[in-house]
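Enquirer: Numbering (my numbering), first residue to last: 1 to 269.
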C-alpha cells in the first residue's frame with residue numbers, strides 16, 4: 001500500500017538555499033489525506049492510483065534536486081482534496097470525477113469547506129513557491145522553473161505511447177532543447193505537448209510563477225510505469241538532470257537555430 005497516511009505539513013521545501021538555477025515543483029507529490037477528510041468515500045486502494053497523486057514523481061523530483069543543486073517544492077496533500085496545479089475557478093479544482101472514478105464527497109462542496117481546503121493546501125504551496133522565487137530574484141540569482149509530473153499509461157481505455165512528455169507554451173527556451181535531447185535517446189518516445197497541453201488547464205503553476213515573470217519554464221510528464229521502482233526513478237532523474245544541466249543558460253534553442261538555418265537557405269536560394 002502506497003498511501004501516505006501520517007500527518008504532515010501541507011508543503012515540503014527541500015534545499016531552500018540551493019545555488020543552482022532551477023526551482024523544481026511537484027504539484028502532485030503526495031496522496032496524503034488529512035484525517036478529517038477520511039478517504040472522501042473512496043476505498044483505500046483507490047488512493048494509491050494516479051487519481052490521488054502522481055506516482056513516482058516525488059522520488060524523481062528529489063533525485064533531480066540533488067543532482068542539480070535545485071530547490072524543490074512539493075505539495076504534501078492529495079490532489080483529491082484540492083489540485084494545486086489548477087486555478088481557483090477551475091471546475092476540477094476539487095474533482096468530483098477523476099477519469100472514471102466518482103469522488104462522491106466532492107460533488108457538492110459548501111463555500112466554507114472550499115475556502116478551508118484552499119487555505120489548507122493550495123495557498124501554502126503557492127505561497128512557498130512565491131517566496132522562493134521572489135527571494136532568488138531579489139538576490140539576482142538565475143531562476144528557471146520546472147514542474148515534474150507523471151501520467152498513467154492507459155487513460156479511459158486508450159493506451160499512451162509516450163514514455164515522457166514535455167509541456168510548454170510559446171516560450172520554448174527549455175522545452176525545445178529538452179525535446180531534442182530526449183528524442184535522441186534510443187527507444188524513447190517523447191511527446192511534444194503530449195499527453196497534455198497548456199490548453200488542458202495543466203499549466204497553472206508555471207503560468208503563475210514563471211510565465212508571469214518571463215522566467216524560462218517547462219513541465220515534464222513521465223509515464224508512471226517508467227518510474228514505478230527505484231531503478232526507473234534513478235534512470236529518469238539522471239536523464240532529465242543531465243539534460244537540464246546542459247541548458248542552464250538558455251538562449252537560442254536548437255529548434256530556433258535549425259529554423260534560422262532553414263530560413264537562411266530559403267533566402268539564399
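A virtual CB, placed ideally from N, CA and C, is assigned to each residue, including glycine.
Cα separation between residue 164 and residue 146?
Expert: 14 Å
Enquirer: How about residue 167 and residue 123: do their beta carbons lie closer than 8 Å?
Expert: no
Enquirer: Hey, could you find the ends of the alpha helix (DSSP H) residue 61 is sitting in?
Expert: 57-68
Enquirer: Going by C-alpha to C-alpha distance, which of 113, 199, 247 and 225 sits closest to residue 81?
Expert: 113
Enquirer: Report the residue from 76, 199 and 62 whose alpha carbon sits nearest the alpha carbon of residue 230.
Expert: 62
Enquirer: Considering only C-alpha positions, which residue in the set 218, 211, 223 and 157 is nearest to residue 174?
Expert: It is 218.
Enquirer: When the distance is taken between beta carbons, is residue 190 closer than 8 Å to residue 199?
Expert: No; because the gap between Cβ atoms is not below 8 Å, this pair is not in contact.
Enquirer: Please give me, in chain order, every unbroken run of the alpha helix (DSSP H) with length at least 4 that falls completely inside the region 122-192.
Expert: 123-138 and 175-183
Enquirer: Can you tell me whether residue 56 is buried or exposed? The criterion is at least 16 other CB atoms within 10 Å of its CB, across all chains shown.
Expert: buried
Enquirer: Got a sec, what are the start and stop residues for the alpha helix (DSSP H) residue 243 sits in?
Expert: 230-245
Enquirer: Closer than 8 Å is the cut-off here; do at least three beta carbon pairs connect the region 23-30 with the region 78-95?
Expert: yes
Enquirer: With a threshold of 7 Å on Cβ separation, who are the neighbours of residue 68 within its own chain once the five nearest residues in sequence on each side are excluded?
Expert: 20, 22, 241, 244 and 245
Enquirer: Does DSSP classify residue 24 as helix, strand or coil?
Expert: Shown here, residue 24 sits in a strand according to DSSP, grouped into three states.
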